[in-house]
Amino acid sequence: MINFRCCGCGEQMSVPRCLAGGNDSCPACGRSVPVPTKLIPLTCPACGERFDADKSLAGEQARCPGCGSPAKVPKVEWTDQDAAGLREAQANHAKVMSTPQDPPDVLAAESALKTMGDLLRKKILAGEMGPDE
Ligand SMILES: [Zn+2]
Ligand SMILES: [Zn+2]
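To convert, note that position 9 of the sequence shown is 11 in this note's numbering; the numbers rise steadily by one, no gaps.
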């Protein structure tokens, strides 16, 4: 799931991850809202549910789509380039895993995905220890 705020009324929405980059209508005001693609991965501290929060929620509380508990969203500088790199690594990984490939290709795709994951985790840690925290 992806948590983000309606740009019309500010209601916090959660939509399935497959809608990233598309549109969904706000349950509160009915407005069609673009679903963000710059996401920060979170794990709910209460129930362990994994979900993503929009970058605009960084430093705020996101509502867990599973149990409704608040989860703190760390501050992350997540650039367009990072987002594109992660999407590419995920797409390539999915492609490699869905068709039989030589083991070196699988390993390369897995390590590319891991590199992007590590980069994001580093940024999250840096954000959590930022000067304004
Ligand atoms: Zn709304
Ligand atoms: Zn939860």
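Beta carbons: idealized from backbone N, C-alpha and C, even for Gly. Please read these numbers as outputs of a predicted model, since none were measured by experiment.
Collapsed DSSP secondary structure at residue i in the structure displayed
i	result
S71	coil
I4	strand
G119	helix
S77	At residue 77 the sequence reads Lys, which differs from the Ser that was named. Coil at K77, not helix or strand.
C11	coil
K124	helix
Ligand 2 heavy atom lying under 7 Å from the CB of residue i
i	result
G119	no
A48	yes
S16	no
G68	yes
E90	no
E51	yes
S27	no
heavy atom of ligand 1 below 7 Å from residue i C-beta
i	result
R143	A query on residue 143 cannot be resolved here, the shown segment of the chain reaching from 3 to 135 and no further.
G23	no
A30	yes
G61	no
E144	This structure cannot speak to residue 144, because the chain is shown only from 3 to 135.
- Query: Which ranges would you report for the alpha helix (DSSP H) in the region 81-114 if only whole runs of at least 4 residues count?
  - Reply: Within the region 81-114, the complete alpha helix (DSSP H) runs of at least 4 residues are 82-100.
- Item | Contiguous beta strand (DSSP E) assignments of at least 3 residues, all confined to the region 14-66 | The region 14-66 contains these whole beta strand (DSSP E) runs: 14-17, 25-27, 34-36, 41-45, 52-56, 63-65.
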